[in-house]
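Reading through the structure tokens given below for one structure.
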Amino acid sequence: MTIIDTIQTRRTIKAFKPDAISENELNTWLEAASYAPNHRMNEPWELLFIGPETRAALNHKTDFGCAPLLIGVLSKPAASQMERDENVMAVSCYIQNFMLAAHEAGAGVFWSSLGASVRGREILGVPQEHDVIAVLAVGYPAEIPAAKQRTPIAGKITYLP
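Here the sequence shown is numbered in our numbering, starting from 1474 and rising by one per residue.
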């Protein structure tokens, strides 16, 4: 699979098989994701592996599609608004890399913002100075949705003088 194929065939997965992800495979994806661009190589991502009690407290409407694994992804504190923005962008790139690595291996991911709510942050025990970027549901897809139509890129381009 080429990188373009990987990007274009990745889907948000909303229903998962109960099959566990091997720790070795998971660590491979997490390590690969760390090659995301990040300002001054500060690697601002921090990971929370969410257990059954915390998962139940989050009370997601679909229980995260019954994914066998949940990972909270945080962005570490920053000294300025610009650094905070850079960190959030880098963590988003980290997540995208992770999602692509998982997809290439036949797994799937659902990116939820539930952890960023006041209640979600409290349940996850996230310090105020951190940003919650995602709660990722990870597993093997029970079903893969069809691709949705994308806006042609030509409509998104502006040429500046």
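Note that beta-carbon positions come from the ideal geometry of N, C-alpha and C, so glycine has one too.
Taking Ala1509 as the centre and dropping the five residues before and after it, the same chain places the C-beta of Ala1563, Cys1566, Tyr1567, Asn1570 closer than 7 Å to its C-beta, in chain order. Secondary structure at Asp1492: coil, using DSSP grouped into helix, strand and coil. The residue from Pro1634, Ala1488, Thr1624 with its alpha-carbon nearest to that of Lys1534 is Ala1488.
Taking C-beta separations shorter than 6 Å and ignoring five residues to either side along the sequence, the partners of Glu1559 in its chain run His1512, following chain order.
For Ile1606, the three-state secondary structure derived from DSSP is strand.
By the Cβ-count criterion, Ala1540 is buried, with 16 or more other Cβ atoms from all chains shown falling within 10 Å of its own Cβ. Residue nearest to Arg1623 within the set Leu1531, Ala1607, Thr1482, Gly1598 is Thr1482 (criterion: CA-CA distance). Distance check between Glu1519 and each of Ile1486, Pro1525, Val1546, Trp1502 places Val1546 closest, using alpha-carbon atoms only. The beta-carbon distance between Val1611 and Leu1542, rounded to whole angstroms, is 4 Å. This is short enough to meet the 8 Å contact definition. Leu1633 is classed as exposed because its beta carbon has fewer than 16 other beta carbons within 10 Å across all chains shown.
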